[in-house]
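In what follows, a structure is listed as structure tokens, so that the remarks can point back to it.
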Amino acid sequence: MSSYQPQKSDKFTFGLWTVGNRGRDPFGDSVRDVVTPVRIVKELSKLGAYGVNLHDNDLVPIDATPAERDAIVNEFKRALSDYGMTVPMATTNLFFDPIFKDGAFSSNDPLVRSYAVQKTMRSMDLGAELGAKVYVFWGGREGTEVDASKRPMDSIKYFRECMDFLCEYSIDKGYGYKFALEPKPNEPRSDIFLPTVGSALAFIATLKHSEMCGVNPEVAHETIAGLNFVHAVAQALECGKLFHIDLNGQKMGRYDQDFRFAQEDLKGAFFLVKLLEDAGYDGMRHFDAHPLRTEDDNGVWDFATGCMRSYLILKEKVAVFNADPEIQGIINGLTNDPNNLAPVLTAGYSAANLATIDLLSFDRVEYGKRGLSYEKLDQLTTEVLLGIRG
Ligand code: GCO
Ligand code: MN
Ligand code: MN
1401 MSSYQPQKSD KFTFGLWTVG NRGRDPFGDS VRDVVTPVRI VKELSKLGAY
1451 GVNLHDNDLV PIDATPAERD AIVNEFKRAL SDYGMTVPMA TTNLFFDPIF
1501 KDGAFSSNDP LVRSYAVQKT MRSMDLGAEL GAKVYVFWGG REGTEVDASK
1551 RPMDSIKYFR ECMDFLCEYS IDKGYGYKFA LEPKPNEPRS DIFLPTVGSA
1601 LAFIATLKHS EMCGVNPEVA HETIAGLNFV HAVAQALECG KLFHIDLNGQ
1651 KMGRYDQDFR FAQEDLKGAF FLVKLLEDAG YDGMRHFDAH PLRTEDDNGV
1701 WDFATGCMRS YLILKEKVAV FNADPEIQGI INGLTNDPNN LAPVLTAGYS
1751 AANLATIDLL SFDRVEYGKR GLSYEKLDQL TTEVLLGIRG
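Start counting the sequence shown at 1401; every next residue gets the next number (the working numbering).
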């Protein structure tokens, strides 16, 4: 059995805002002291993480002078190099400041939209300076409580204009960013535009530089919407659009919990790890979660350790699952093709293939009586997860 000690090659990353979360919620104040970015880099490096990600203002206060900014960034860069850490992803805080209370890229007000673009460009400069290659867009404030307040078709157009502008900026500057849109159905707005991975993918197809835009799906967000996260990620992977991922834990029907990865829905977490590993996803395994409000400083690092350990344990279970002859026997049986029809469907429409499909004859009623052994398959999966197989 492995020690589940994370290695750099596992590509585990955390946002500065995750382990740095102080436990404030709408009903209660902070419960932990500030953890400085430099200390986060040091502690996460000791635990085996690959890097940290950040919003502009996680590192540089919104009102910092250029000189203050440079001093902070230089100190941070030194820490990154001292502790062998990277910044693979950067993003903009377009949700905290009151100016964004009614949205940023989708705001009705062109001045707010322009400021959002300006702030994002400066933050892209920062990310590029730190070596980030993925740039995330989470539109937390892009939405409504009052439907009369927005013409939603215009809001989407405004959003598109900003994205197109920023794509050109990245190209112009030679930053080489891949943009990753992060959908969320609600919170902090009652209804957020582009609520799901599916809506984000459809929106991306309408962008001028859609080739450089993909998604950053988050476990909690699809789960809040009551959707199957693994299916959403699979769709993004299948069309080459999984540019980043936010791993965490979430109970359906609750507020945005951002729990430790695999804290909830172990089976869902298992199939997510299986999907990413089997597909050879080579991006970051990024944890966007926070320690429980009950925790002190030790609990923060227990949380970070737990995210990475659970991923590695589930990865080991995936290997057990993939090597289990009984499980694989059932799965392989599902795609049996004695009539050699799959290649016909794959090849598509032609005179010969039309004839093959047209002349198909078989006993439909008998075929419908076949059992698929899913009871056994799911029970075997459960037993792999409970540790009694393999
Ligand atoms: C949330 C969001 C955020 C974003 C982050 C990056 O919990 O609602 O996931 O954490 O991922 O702000 O922009
Ligand atoms: Mn997120
Ligand atoms: Mn979240």
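By construction, the Cβ of each residue, glycine as well, lies at the ideal position given by its N, Cα and C atoms.
Note that the structure is predicted; figures quoted are calculated from it, not measured.
- Beta-bridge analysis with DSSP links residue 1613 to 1579.
- The alpha-carbon separation between residue 1556 and residue 1666 amounts to approximately 36 Å.
- Nearest in C-alpha terms to residue 1717, of all of 1699, 1673, 1688, is 1673.
- According to the DSSP secondary-structure assignment, residue 1592 is paired through a beta bridge with 1543.
- The Cβ atoms of residue 1432 and residue 1422 sit closer than 8 Å to each other.
- DSSP places residue 1633 in the uninterrupted alpha helix (DSSP H) bounded by 1629–1638.
- For ligand 2, a non-hydrogen atom lies closer than 7 Å to the CB of residue 1688.
- Remark: the shortest separation between the CB of residue 1644 and any heavy atom of ligand 3 does not fall under 7 Å.
- By the Cβ test, the segment 1512–1529 is in contact with the segment 1478–1493, since at least three Cβ pairs between them sit closer than 8 Å.
- Residue side-chain check: residue 1653 keeps its Cβ at 7 Å or more from all non-hydrogen atoms of ligand 1.
- Distances from the CA of residue 1576 to each of 1527, 1541, 1551 were compared; the closest alpha carbon is that of 1527.
- DSSP lists 1415 as the bridge partner or partners of residue 1453.
- Check the Cα spacing between residue 1407 and each of 1656, 1777, 1705: the tightest is with 1705.
- Distance from residue 1504 to residue 1516 at the Cβ level is roughly 4 Å; contact confirmed, criterion being Cβ atoms closer than 8 Å.
- Residue burial is scored here from C-beta neighbours: residue 1446 has fewer than 16 other C-beta atoms within 10 angstroms and is therefore classed as exposed.
- Using a Cβ distance threshold of 8 Å, residue 1633 and residue 1675 count as a contacting pair.
- Counting the other Cβ atoms within 10 Å of the Cβ of residue 1429 gives fewer than 16, which makes it exposed.
- Contact between the segment 1643–1662 and the segment 1593–1607 is absent: fewer than three C-beta pairs spanning the two stretches fall below 8 Å.
- In the pairwise beta carbon analysis, the segment 1677–1687 is classified as not touching the segment 1740–1754: fewer than three pairs are separated by under 8 Å.
- Here residue 1686 carries a strand assignment [DSSP, helix/strand/coil].
- Under DSSP, residue 1534 shares a beta bridge with 1489, 1578.
- At a Cβ-Cβ threshold of 8 Å, residue 1764 and residue 1425 do not count as neighbours.
- For residue 1774, the enclosing alpha helix (DSSP H) begins and ends at 1774–1785.
- Counting only heavy atoms of ligand 3, the residues whose C-beta sits closer than 5 Å to one of them are, along the chain, 1620, 1656, 1658.
- In chain order, 1452, 1479, 1480, 1483, 1485 place their CB closer than 7 Å to the CB of residue 1441, counting only its own chain and leaving out the 5 sequence neighbours on each side.
- Distance from the CA atom of residue 1631 to the CA atom of residue 1471, rounded to whole angstroms, is 44 Å.
- The beta carbon of residue 1724 sits closer than 8 Å to the beta carbons of 1780, 1784, 1789, 1790 from its chain, once the five residues preceding and following it are set aside; these are given in chain order.
- Under the DSSP assignment, residue 1598 falls in the alpha helix (DSSP H) whose first and last residues are 1597–1604.
- Residue 1590 is not a Cβ neighbour of residue 1542, given a cutoff of 8 Å.
- With respect to the 8 Å criterion, residue 1468 and residue 1538 are not classified as neighbours on the basis of their beta carbons.
- Counting only residues of its own chain and dropping the five nearest sequence neighbours on each side, residue 1664 has a CB closer than 7 Å to the CB of 1649, 1650, 1651.
- Annotation for residue 1538 indicates a beta carbon within 7 Å of some heavy atom of ligand 2.
- Sequence-distant Cβ neighbours of residue 1710 in its own chain, meaning closer than 6 Å and more than five residues away, are 1661, 1662.
- Looking at the DSSP output, residue 1428 sits in a beta bridge with 1425.
- In terms of Cβ geometry, residue 1495 and residue 1437 do not form a close pair [threshold 8 Å].
- In the structure shown, residue 1587 falls within a coil segment according to DSSP collapsed to helix, strand and coil.
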